[in-house]
Amino acid sequence: MSELSVDHLLGIKYLNKKDIQLIFETADHFKEVINRPIKKVPSLRDITIANLFFENSTRTKLSFELAEKRLSADVINFSASQSSVKKGETLIDTVNNILSMKVDMVVMRHPNPGAGVFLSQHVNAKIINAGDGAHEHPTQALLDSYSIRERLGTVTNKNIVIVGDILHSRVALSNIYALKLQGANVMVCGPKTLLPKYISNLGVKVETNLKKALEWCDVANMLRVQNERMDISYFPSTREYAQQYGVTKALLNSLDKSITIMHPGPINRGVEITSDVADSDQAIILDQVENGVAIRMAVIYLLASKIKH
Ligand code: NCD
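Next comes the structure, spelled out in structure tokens:
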């Protein structure tokens, strides 16, 4: 039986192409399961999973919890507000708690980049990174690619543009790694101040003109401006940002083709995307949410199968 090349899901950076294929094939199976009248399988009855969220989350947390419950795992939850987290101290505490609770797997969202790596070095549990600061968000990138594959048949050779706040986005970095691994052509687009200086070193095209980016792409992944990660002003006003980098129906209609629109959520309607675009047939935003559960079931299942009791 095939298995993942990694013991933890800390970032897409650590995966290979075969890992992604295996996760997608496993997710295909679970997607079928979650559309049955009885949406549950007994696969992980002997596994305990802790969801540790040190940063706010709606869909990612719900999605993981649902995935775990549909696999019949025992689930415990911990949430802390961002302000109460101090680097180091809290993680060491976390480590000790996990060790004494005999948890098999930890899903963690944390504001510090590398928090998952740190945890994986100190506890004897499988770790899934559910977002570490502005670094990586691997399950989001996996569900994004899976949703593109579902809509367009494949990710390979497709032109994908990631639009918006690339600088502060863990979704952007994980998506770049995942898409490149699968042979997609990747572009980032946004105001210069929100594009990291050396981003082209990752093998992506860089564009500051949204219309040109949309003319080039098959898929546009629209990111939220991460105001909570900004201590200075990166653009004059939200209104100006929306005018230059917001996707509107008029803009989409001005293209000579129909492109697919994605968004990881939460959406700021009227900023990076207008409501008529978000709710249109071109958008696969809710498919992404549905696929998120199947992808997370696949990742959890595949990592759990590497646990030696
Ligand atoms: C993203 C996140 O938290 O990184 N959302 C998500 O996980 N669905 C993106 C965002 O917050 O804009």
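According to this note's numbering, the sequence shown holds residues 2 to 310 in order. Backbone N, C-alpha and C define an ideal beta-carbon position, used for all residues, glycine too.
Practice item. Determine the extent of the beta strand (DSSP E) in which Ala51 is found, giving its start and end residues. Key: Thr49 to Phe54
Q. Using 8 Å as the Cβ pair cut-off and three pairs as the minimum, do the stretch 118 to 134 and the stretch 281 to 293 touch?
A. no
Using a threshold of 6 Å, is the CB atom of Thr239 nearer than that to any non-hydrogen atom of ligand 1? no
key: Outcome for Ala299 when other beta-carbon atoms lying within 10 angstroms are tallied against a minimum of 16   = buried
Q.
Going by C-alpha to C-alpha distance, which of Ala51, Lys70, Glu26 and Lys250 sits closest to Ser44?
A. Lys70
Anyone know if the C-beta pair for Leu67 and Val290 falls short of 7 Å? no
What does the alpha-carbon distance come out to for the pair Ala279 and Thr27? 29 Å
Taking the DSSP output, what are the residues bridged to Arg110?
Phe54
If we count the other Cβ atoms within 10 Å of its Cβ and call it buried at 16 or more, is Ser238 buried or exposed? exposed
In whole angstroms, what is the alpha-carbon distance linking Lys198 and Ser170?
14 Å
Next item on the list: Measure the alpha-carbon distance for Ile93 versus Thr209 and round it to whole angstroms.
Entry: 42 Å
Q.
Assuming the contact rule is C-beta atoms closer than 8 Å, Glu137 and Lys14 should be a hit. Round their C-beta distance to whole Å, please.
A. 7 Å
Output the residue ranges of the alpha helix (DSSP H) runs that lie fully inside the stretch 262 to 308 and measure 4 residues or longer, sorted by chain position.
276 to 279 and 286 to 305
* Pull up the distance between the alpha-carbon of Leu224 and that of Lys159, whole angstroms please. => 19 Å
Tell me whether the beta-carbon of Glu273 lies closer than 7 Å to the beta-carbon of Gly165. yes
**Asked** Between the C-alpha atoms of Asp20 and Ser146, what's the straight-line distance to the nearest angstrom?
**Response** 13 Å
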